[in-house]
Each structure stands twice: as structure tokens, then as C-alpha cells.
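Here's the structure, in C-alpha cells; my notes come after.
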Amino acid sequence: MEDWKRGRAMFATVAAAPLTWLTLFFIIPMAVVWLYSFGTNRGLTDIDISGTLVNYQRALEPLYLGIFAKSLVVAGITTVICLVVGFPVALAIVFSTDRWKPWLLLAIMLPFWTNLLIRTYALMAVLRTEGYANQSIGWLHDRFGSIMPLVGLPAPGAYEPMNLLYNNFAVILGLVYVHLPFMVLPLYAALDRLDRSLIEASLDLGAGHIRTLLAIVAPLAAPGIISGIIITFVPALGAYLTPDLLGGPDSQMIANVIERQFKRANDWPFGAALSFLLMYATFIAIAFQAVKAKQAERRG
Amino acid sequence: MSNLPNLNGITLADLKLGRRSLLQALGVAAVGISFGGLAACSKSGGGTAAGTGEEAKLNFYNWDTYIGETTLADFKAASGIEVNMSLFATNDELFAKLRAGNQGFDVIVPSNDFVERMTQSDLIVPLDHALIPNMKNIDPSFIDVAYDPGRKFSMPYTWLALGIGYRKSKVKARPDSWKVLFDSDEYKGRIALLSEAGDVFRLAGKYLGKSVNALTPEDIKVIEAMLIKQKPNIKAFHEDNGQDLLLSGEVDLVLEYNGDIAQAMTEDPDLDFVLPKEGGQLNSDTLCIPKGAPHPKNAHAFINNLLDAEVGKKISETILYPTPNAAAKALMPDSYKNNPVIFPAADLLAKCEYAAYNPKLQPLYEEAFTRVRAA
Amino acid sequence: MNLFRRKIPLAPLEYTRRTSMRIWVGLVLFFLYAPLVTLVAFSFNDSRRNIVWRGFTTKYYEKALNNESLMTALGNSITIAAIATVVSVVLGALAAVMLWRFRFPFKAAWEGALALPIVVPEICMGVAMLAFFAKLDLPQDLAWPLNLGQITIAHITFCFPFVTMVVRSRLSSFNREEEEAAKDLGATEWQALRDVLLPHMKPGLIAGALLAFTLSLDDFVITFFTSGPNTITFPVKVYSMVRFSVTPEVNAASAMVIALTVILTSLALKLQSRMGALAQGH
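Protein chains in written order, with our numbering: chain A, 180 to 479; chain B, 668 to 1042; chain C, 512 to 793.
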């Protein structure tokens, strides 16, 4: 890493556009909403920026902290499942031939170019009590049921359809369904065309594939895994549509609550406070990590 | 130029797939075709409408499937005004969006409680009744309503009632009390409620014998406890798609609007709708003109057109919602006029109320609902 | 090409050819595609709803194609997504290089700020954008595609940090010595950037572009708040259409998008491989 003063022209070239864009079209618009979080509702549409901390106080009540904690857990589970499911897929893409690579990438991405809402409704059709998942399992159940007496086992009872929808299981399944590419793509980006000689050396020296994977590939993929975790976990934390449509009576996540504040409750200051709590947490986590990295670099 | 189809709006008159929309649909234009020539054409509507003196355009912000098949085309033929219809999905979105400024809409269709909100927050303008002679077609009982006395700001377009939609073969008896939804484990795991805090709390209040507009914070606490107790029996809170849950057999009882169930009943005769004996809550969708509308005169002409008897009849034929337009209703067949789902019995309707917007209680409903769902 | 391939002993590394791996990928694809198969099947269903099968029909394709506003919305969405993707990749890659290469004042703060568009609840950013553009008071009735400018700006804003994240993780495996070597051989800073760094970034750029395109194509909330009466996108249209549940017409439109994507991508890949073959031949 070099100091910006040693390459001013280069620094200006790469920094000017993104930082200007971020300031102009994100920081400035968001500043207004940030001020709202210190505001009080006056009538239906006027917000008085009174500098009050009441909204934050309310946002830190156990009720909302509980929902926040639950959202963290749901997003965390989703991220872990995405990582476990997505890592082999990313490997398959990375180690496929040049001819197949674009097709595999396309095959993974194609479902995500169908509208999220339409896709979620399609998933619901599969998961319904009388949906295809239950129908297929029921069919298998009946087939195997008729075989079992032949081999001397008692026949099972009639198939009871499972409740696959309207519970937390459905929410996590739906979130995995929606966020899988957010994990696969960074992993692919980090691993593609990496130095294969290391892996070959490891295999030549007698290490098994699993050990090679853990000892050689995983460290190489670490930056990709971290960025994959961030861009899967964070959007999953902010999911509102999936819990709305697939969730049961208790599957509300923090984004659902935030959405209601901006819409039905018409309480923008409180919605802003809840939103900014999420943002403070992320900002601090990322900035803290950056400071750590800087310290590590200085020491090293 | 003025005959070119309006690029971005619904033009039911223009059923062909135009060259330009095809290009756009392919997104080809984005990747390097020079679109100078195309862009120059895309500002349509140069002429002025007869009678109003405004540019012959109108931006209509409506719900989906909430207009007759040919209504907009007929209006264009009659007045020369090209109606560009965009769609919104909930009142909240409409309100949140208009709150920060009108992006060019001329006619909007908010529900009654939002007419109140928008009147209070100065987002809609008073209507000029002289420009809406068809107001005479409206059933007199819809003129002096609490949410807009004398119809200063809004014209009624449809009305609807919240009740219980159910599957006939799966219930022991007609579920004619809110008890089955709010305070009973008779149909455990087969119930879906609307995911609207205010509606759920007000109707639970109705079950407890209170007026939907006279709940107190204490009542809300009582209802909250009742709903937390009831929650294990509830399968889902739905986003106004209760009729789908019924049709797919996912649940057997839903809290829904009569119009939605009436539409679903045409597909599945095993469904029915009941307005519970305790009474329910009425809603009405209305036509309003938002502040800053670029074509207010056209907007009045359009609203007047929608209230016409013949036009209203065609709209009702398509959307199957109860109409407040007496003249249009008179033209409708008996299967609509005498449908007990679309027009529930008068004695039951008499027990129903319009919910007024209450800025003090709304946040309480929301917070209590959040607690119910988190419990 | 063949020569090149023979040089590397591929056998132990052909993870893609291992049966266990294939089964895994197959299962994942099944999970991803099963709902889509339902979706396409129901686009042929002769019922207004996606619930019970009532016979085969293609009338919803006709209806979707003739629904000019739906087609226009689709066109708008693809146009916005295409522009937003290109700009996001450029901005995102620049930001990634900046964070990876330079030490500069308040770097930690900027790094944190660059992650905020990923975490901000959509509705919050939607409201912010709404208020922001209302204040700017830009003219509403610009010609297509300039009228999509507001939406595109908003999309770029929430897309490019994703690209930054992906590209930056790719850059961490870059070997600075290669760049130094290039410079020692007489390449200028810019040439080294173009010929050494950029090729290394390529997988990150591809992944970032795919992400940005997906995010932009699917966004509803922020688009809703930044769109006016003449700028409807596909998600905005679809969300307002499903008040009465998803109709087969919407399914038909989605099925056509899928088909179109496959066809266009195949053409592009064919073209690319042919150009590649030509280049190899010379």
C-alpha cells in the first residue's frame, strides 16, 4: 500500500469519481433522513428537527432489540447455509473448462433475473400444503409404503403433508433462495484463475482433497469468503419481502418494522432512527476492521 | 406526432406492440443505437383537449385491475385526452410518495382514511362540483360521509367491507362471528388475518362490542392480550392476498374484503363470504386530485366521466366491486345487484362503520401489533 | 488452445468432473430452478390465478406482448440495469483500487461509508432519494431514456459498493511484484495498470457486473420512490399488479425474459468463441 501523496495523479483518478458520487448521491440525500432521526412529528407531514434522542431511546427498547437480535440470527443462519451450499458451486465454476464457465455462471444467475416477487410466489407454489414438494414426497411415501409390507415391515400410515410455508424455516429457505448468488459470485471472483501450482503441490505431497481445500484453497479464498459473508449477511438482515410473504405470525424481521414506520405508521423519525442504528453498527464494524488492517500493516 | 402512442403509459387503445416499445423491451437501444431520433418523438400529446384548454394528457394513479377494459380508450375517443395510467399497490405507498411532492399525477384513488390524512396534510385540492355534474349519479348515502362531508375533496369510486371469507366444506357452521378469527381455537392453524395493524385491532374491538372509532389505549391493551393468546391458532398474516390462501387450501378462514372474495368465488364455488353479526368495517376508494396536478381541468373531466352511469356500469362489470354509483348499479344485471357478497344485507351493513384516521391511536396500533408478532 | 490445455495436468484439479461435485451442483440447480419450472408451467395455465391447473393456453403470452405498458416497463428496467451495471462496474472498480492501493486521510471512515449503501434499509434510502430529487426539482417530462436518469442514479448508488466489495477481495490476491516487473521492463504506471492489474481484476469485474445487473433489475422500493408517472419499471409494475395475486400474464412476461436472456447470452457466447477462434488462428 502506498501513501496517496506518492501517487497523486493516480489517486485522484481512481478516487475522484466514486467519492464524489457517494457524497453527492448517497451522503447528502441520507443526511436529511439522518436529521429526521433526531426529529419529532408535527402533524402528518411536518417533521421538526428538535435534536431529540427519543427515537433512539425507543429503538433501543427490549421489544425492538429482540426483533433485531432475531433478525441477526436469521440472517446469520442464512449466510452459513449460503456459504456451505455456495462454496462447492463456486469451486465447480472455477475449475470448469473455459467453454463451460460462462454457461455455469449463467445457470446460477438466470433465476435471479426473474422478478423477486414472482420468484417468491413461485417458491410458495412449490412449498404450499398442497404444493409440489408435498405432492412429490407424498407420492414417494405411498410408493415406499406399499413396498414395506413386502419386506416384512409394518405399512406406514397415510401421508401427512408437512407445513413448509408460513414459519421461520420457510423464511430461511426463501432467504437462501434469494441470496445464494451473493455468496457464489465473490467466491468465484476470489478463486478464479488462482495459482494452481500450490494445489497441485499439496496433492502431490499426499494431502487429500479435503485437506488441500482447507489448507490451501480456503486461505486463498478468505477475502472472497469475507466479502461474500458481508454482502450476503447484510442484505439478508434487511430483507422484508421474504419474511412478509413466507413467514408465519412471528416471523417479522427488523426491516419489516422499519418499513411499517415509513409507511403505515407514518412515523419517519422513528423509522429513520431504526435504520440508522443498523447503519451505525455496520459503519463501526467496517471502519474498525479498516483501522485494524492499517495497524497490522504498520507492524508488518 | 400527437397520434403516437404514449410510450410509458397504459394505452389500452393501442393494442399493437409498437416498434419503439419492442426496441425498448429488448433493451437494444441502451447498448449503442442512436436514439436521438426516437427520443425526439417520445414526447407525445401536442394538441389541446376540447373544452379544458389544457394539454390533452392526464396521469392517472390507480390500483391494478381497477378500471373497465375500454374505459380509458372510450374517454380518449370522447374527449381527446390521453390517459396515462400508472399503478400503486397500497395507500401507504401512495401517501409516502405524495408526501414529498407530486411527481406529476392528476387523479389518484386513495381510500377513505387516506382522504382524511391527505386533507389534513394539504396534499389534495378541493373539487369543483360545477365541473362534475355526474355527481348526481352517486347514491345519496355516500355524499355526506364523515371522512369528507359534502364530498369537498373526493368522489366515491367503489366501496368494500371487511368480513370473513371461508371454505364452505371445511367449516361446521357459517362463521358469522369475529370470535372464530380473534378468540377461539376452533379452527386452529387454518386462519389467516390481514397484516394491517389498524384493521385487525379495530375489528377485534368490534368483536368486543366497541365502535371502530372509539377504542382507547386500554382497549388496545386488552385486544393485544387477546391476539397474543390467539396467535398460536393463526397460520399467517397475509398481505391482502387472503383469497389466494383460501383458493390454494392453505387456510380455511381469512379476514378479507368482500370484493376480493367475490372475484375468487367465480373460480371456486366452495368459497363464501360472511359479514359477521357484530358488524364490520367499511372502506371506500375515492377519486381525488393531488396538489400540484399539472392538468386539473382534465382531471375534473375524467372524474366526471368515471361517474357516468354507462361508464360506471362497464367498470363494475370488470372489477365486481360494490359501486356507490346508483345510476350505474341500476344498469347492472341481477347477478350483481342481488349478490349477497357484493351487497350484504342492509341490516348487517347498518352495523358497519367507516374507520376514521386517528393520528393518536395509529402508532399505538402499530406498536401493539409489533408486540403481538414478536410475542 | 489445445496445446495450452495439454500442458497443465488437469486431472486432479477437475473438481467439476467429480461425481460428488456434479451431484451437488445438480441439486443446487434443481433448488434454483424448480420454482421457475412451476412459474413457466403456470404461464400456460388457463386461469387468472396461479393456483389450480385449468387447462393449457397461450393467451397470456399474447396478452403480455400486447400489454404495452408491461413491455415498456420491461424495456425501462433492462435499459436502467444495463446503464447502471456499466457505471457501477467502473465506479466500483475505481473505489476498490483506491481502497486496496492507497493510504489516505480518513480512509477508515470512507471505507465504512462505502459499505453503507449495502446496509441501508431500502425504504430509508427510497425516502431519502424521494426527498432529494424533490428538492432538486428536475424536469419530469424529459424524453426517453433521459427520464430514467433519477432511477438510474439511485440504482448506481446502491449497486457500486457491491462491486467494490467483490473486486477488492479479488485484488487481495494480486501479486504486486508482477506490476513492478512490468515497470522494470519499461511499462509506465498506466500501462502496468492496464496490462497487468486489469486482467487480474477480470473475474471480479464479471462477478460485480452480474451482481449489479441483478440488483438493479430486481429493485422495487427505491425505484418506486424515484419513479414518476412516465417512468415505470418492471418490478414497480409487477408489485402493483399483484394486489390480486400474480396473474399468468406476469408469469408469461417473466418466461419471455428468461428465454430472451438465454438466447441473447448464447449468441454473445457464440460470437465471443468465434472471435476467440479467429484470434487464435492468427
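For every residue, glycine included, the Cβ atom is placed at its ideal position computed from N, Cα and C.
Keep in mind it's a predicted model, so treat the numbers as computed, not measured.
- Under the criterion of beta carbons closer than 8 Å, A/V470 and C/A606 do not qualify as touching, at roughly 18 Å.
- In terms of Cα proximity to B/T738, the closest of B/N992, B/S983, B/I890 and B/G916 is B/S983.
- Contact annotation: the segment 959-976 of chain B touches the segment 721-736 of chain B, with at least three C-beta pairs closer than 8 Å.
- Scanning chain A for C-beta atoms nearer than 7 Å to the C-beta of C/G715 yields A368, reported in chain order.
- Note on A/K442: 16 or more other CB atoms within 10 angstroms of its CB, so buried under the neighbour-count rule.
- Rounded to the nearest angstrom, the Cβ distance from A/L296 to A/L420 is 7 Å, consistent with a contact under 8 Å.
- With a beta-carbon spacing of about 6 Å, A/A444 and B/P1030 fall inside the 8 Å limit used to define contacts.
- The beta carbon of A/T224 is closer than 7 Å to none in its chain, skipping five residues each way along the sequence.
- Beta-bridge partners of A/D182 (DSSP): C/R614.
- Taking A/V363 as reference, the option from A/L384, A/A386, A/L354 and A/I408 with the minimal CA-CA separation is A/I408.
- In this structure, the CA atom of A/I316 is about 38 Å from the CA atom of C/G719.
- Straight across, the Cα-Cα distance linking C/A624 with C/L659 is about 26 Å.
- A straight line joining the alpha-carbon of B/Y733 with that of A/L232 spans about 44 Å.
- Contact check for A/L302 against C/P672 fails: the beta carbons are separated by 8 Å or more.
- Around the beta-carbon of C/I664, 16 or more other beta-carbon atoms lie within 10 Å, marking it buried.
- Residue contact with chain B for A/E309: present (Cβ-Cβ distance below 8 Å to some residue of chain B).
- Nearest to A/T258 by C-alpha distance, out of A/E339, A/G417, A/F449 and A/Y459, is A/G417.
- Contact fails between the segment 853-865 of chain B and the segment 814-828 of chain B, because fewer than three Cβ pairs, one in each stretch, are under 8 Å apart.
- Residues of chain C whose Cβ lies closer than 7 Å to the Cβ of A/V264 are, in chain order, V539.
- Look at B/H905 here: in three-state DSSP terms it is strand.
- Each residue's CA atom was taken as its position, placing C/A595 and A/L344 some 35 Å apart.
- Check the Cα spacing between C/F643 and each of B/I775, B/A797 and B/G768: the tightest is with B/G768.
- Under the three-pair Cβ rule at 8 Å, the segment 426-435 of chain A does not count as touching the segment 1009-1021 of chain B.
- Judged by beta-carbon spacing, A/A386 lies beyond the 8 Å limit of A/A397, meaning their Cβ atoms are not closer than that value.
- A straight line joining the alpha-carbon of B/A1041 with that of A/R187 spans about 53 Å.
- Annotation: Cβ neighbours of B/I901 in chain A (cutoff 9 Å, chain order): G427 and P428.
- Close partners of C/L780 in chain A (Cβ separation under 7 Å): P281.
- For A/N234, the nearest beta carbon of chain B is not closer than 8 Å to its own beta carbon.
- C/A698 has its alpha-carbon roughly 32 Å from the corresponding atom of A/Q474.
- A distance below 7 Å between beta-carbons, with the five flanking residues on each side excluded, links A/G450 to the following residues of its chain, in chain order: I437, Q440 and F441.
- Contact annotation: the segment 986-993 of chain B touches the segment 821-838 of chain B, with at least three C-beta pairs closer than 8 Å.
- Each residue's CA atom was taken as its position, placing B/L894 and A/V413 some 32 Å apart.
- With its beta carbon at least 8 Å from every one in chain B, C/N556 lies outside the interface.
- Near chain C, meaning a CB-to-CB distance below 7 Å, no residue of the segment 846-858 of chain B qualifies.
- A Cβ-Cβ separation of about 6 Å places B/L870 in contact with B/Q948 under the 8 Å criterion.
- Note that the C-beta distance between B/F820 and B/P793 is below 8 Å.
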